[in-house]
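Engineer:
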Amino acid sequence: MCIQSYTLHTKINILFIINPISGGRGKLRIPDFIDQYLDKEKFNANFVFSEYVGHAGELADEAATKNFDVIVAAGGDGTINEVATKVLKHNKVLGILPLGSGNGLARFLKIPKNLKYALDLINNFKTDCIDTAEFNNKCFFNLAGMGFDAHLSAVFSKDKKRGLSGYVKLGFKEVFNYKPQTYQLDIDGTAYTRKAFAISIANSSQYGNDVYIAPNASVKDGLLDVCIIKPFPIIKLPVLGYVMLRGKAEKSDMIEIIKGKNIKITREKAGAVHVDGEPLQMGAEIEALVHPLSLQVIVP
112 MCIQSYTLHT KINILFIINP ISGGRGKLRI PDFIDQYLDK EKFNANFVFS
162 EYVGHAGELA DEAATKNFDV IVAAGGDGTI NEVATKVLKH NKVLGILPLG
212 SGNGLARFLK IPKNLKYALD LINNFKTDCI DTAEFNNKCF FNLAGMGFDA
262 HLSAVFSKDK KRGLSGYVKL GFKEVFNYKP QTYQLDIDGT AYTRKAFAIS
312 IANSSQYGND VYIAPNASVK DGLLDVCIIK PFPIIKLPVL GYVMLRGKAE
362 KSDMIEIIKG KNIKITREKA GAVHVDGEPL QMGAEIEALV HPLSLQVIVP
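When we follow our numbering, the leftmost residue of the sequence shown carries the number 112, and every step to the right adds one.
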């Protein structure tokens, strides 16, 4: 159960965990901006900056044991994943200030990228419970997957050029050499064999930047969308991009979407995966499952 209640006369202890390099640098003045617009009659605010991969999660874990009721992830999907994992563990409330380049979950939840408007949501303090998921026991909240997008995330993490333009340029370079794999899937007890360019397990609808892989996904239905991008000739790459930008994946013959609660996938070999966009290495066998309405989030 993710619901908590607060009495109106009690101030809420809130911690902002800020990733100073999400979406590019220049985040050091954010605490001053938050201090200017946050409702101080409602909140007692504190601020910390993450310093390395995994640090935001450590800070959130510590904060949850120090009587912080609300923990805000100020960063991209990776930062949100780290913080939300610990918020879920301790049954606290998650806030989001989307500072990343993609902001997939924030876009799905309609949390504004404009910082003042996002703070207005926190001041209003309306919350809702959303589904969360696991990918080989690693929590995710937006998307996890394997195949080309996981390969690209792994290569991109080593590249010096950050941001959307760098990601797109690298994608065009890598796509010509990538070979699809054959996957064995078990979705709620039904077996499938599929050759795929990529497979995404979607809790929400998009990668980020309004690129929709699962346009009809919901974070409140207790289901995950298994999105299988079929192998295709390179000449059709612009068509695939158009389909996802237009939110037409459900109607495309290039993408198959199967909904389920418990997903097991066996691929040809161990290798790259991504969890909320962050690259990891995992074995050949993958298991994903959903936890319905398990995380309380500040929403519009």
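Backbone N, C-alpha and C define an ideal beta-carbon position, used for all residues, glycine too.
Rounded to whole angstroms, what is the Cα-Cα separation between E396 and F252?
Structural biologist: For E396 and F252, the distance between alpha carbons rounds to 20 angstroms.
Engineer: Please determine, among I369, P342, N155 and Q317, the residue with the shortest C-alpha to C-alpha distance to D188.
Structural biologist: Per the Cα distances, Q317.
Engineer: Could you round the C-beta distance between G388 and S264 to whole angstroms and report it? I think they count as a contact, below 8 angstroms.
Structural biologist: That pair is a contact at about 6 angstroms.
Engineer: In angstroms with no decimal places, state the Cα-to-Cα distance between L351 and K341.
Structural biologist: The alpha-carbon atoms of L351 and K341 are separated by roughly 10 angstroms.
Engineer: For F158, which residues of its own chain have a beta-carbon under 6 angstroms away from its beta-carbon, when the five flanking residues on both sides are left out?
Structural biologist: Hits under 6 angstroms: F127 and P142.
Engineer: Who are the near neighbours of Y323 in its chain, counting only those whose CB is closer than 7 angstroms to its CB and skipping five residues on each side?
Structural biologist: Same-chain partners within the cutoff: S316, Q317, M355, G358 and A360.
Engineer: To the nearest angstrom, how far is the alpha carbon of S161 from that of Y228?
Structural biologist: Using only the alpha carbons, I get a separation of about 23 angstroms.
Engineer: Pull up the CB-CB distance for K153 and I182, whole angstroms please, since I reckon it's below 8 angstroms.
Structural biologist: With 8 angstroms as the limit, K153 and I182 do not qualify as a contact, their Cβ atoms being about 16 angstroms apart.
Engineer: Can you check the region 236–300 for any alpha helix (DSSP H) of at least 4 residues that lies completely inside it and give the ranges in chain order?
Structural biologist: Fully enclosed alpha helix (DSSP H) runs of 4 or longer: 259–267 and 274–286.
Engineer: Run through the DSSP bridge pairs and tell me what D336 is partnered with.
Structural biologist: Bridge partners of D336: A313 and K370.
Engineer: Can you tell me the Cα-Cα spacing of E285 and P349, whole angstroms?
Structural biologist: About 15 angstroms.
Engineer: Check for me: the beta strand (DSSP E) holding G206 runs from which residue to which?
Structural biologist: Run containing G206: V204 to P209, per the beta strand (DSSP E) assignment.
Engineer: Could you check if N130 is buried or exposed, using at least 16 other CB atoms within 10 Å of its CB as the buried criterion?
Structural biologist: It counts as buried.
Engineer: Return the CA-CA distance between A217 and P223, expressed in angstroms with no decimal places.
Structural biologist: Each residue's alpha carbon lies about 8 angstroms from the other.
Engineer: Among P411, Q147, E398 and Q392, which has the Cα closest to the Cα of S268?
Structural biologist: Closest option to S268, Cα to Cα, is Q392.
Engineer: Does the region 328–345 come close enough to the region 303–313 that 3 or more CB-CB pairs lie under 8 angstroms?
Structural biologist: Yes: at least three Cβ pairs fall under 8 angstroms.
Engineer: Taking 6 angstroms as the limit between beta carbons, can you name the residues of its chain near Q407, skipping five residues before and five after?
Structural biologist: For Q407, where only same-chain residues beyond five positions count, the Cβ hits under 6 angstroms are C113, V204, T238 and C240.
Engineer: Output yes or no for whether 8 angstroms exceeds the beta carbon distance between G186 and G319.
Structural biologist: For G186 and G319, no; Cβs fall outside 8 angstroms.
Engineer: Buried or exposed: where does A302 fall if 16 or more other Cβ atoms within 10 Å of its Cβ makes it buried?
Structural biologist: So A302 counts as exposed.
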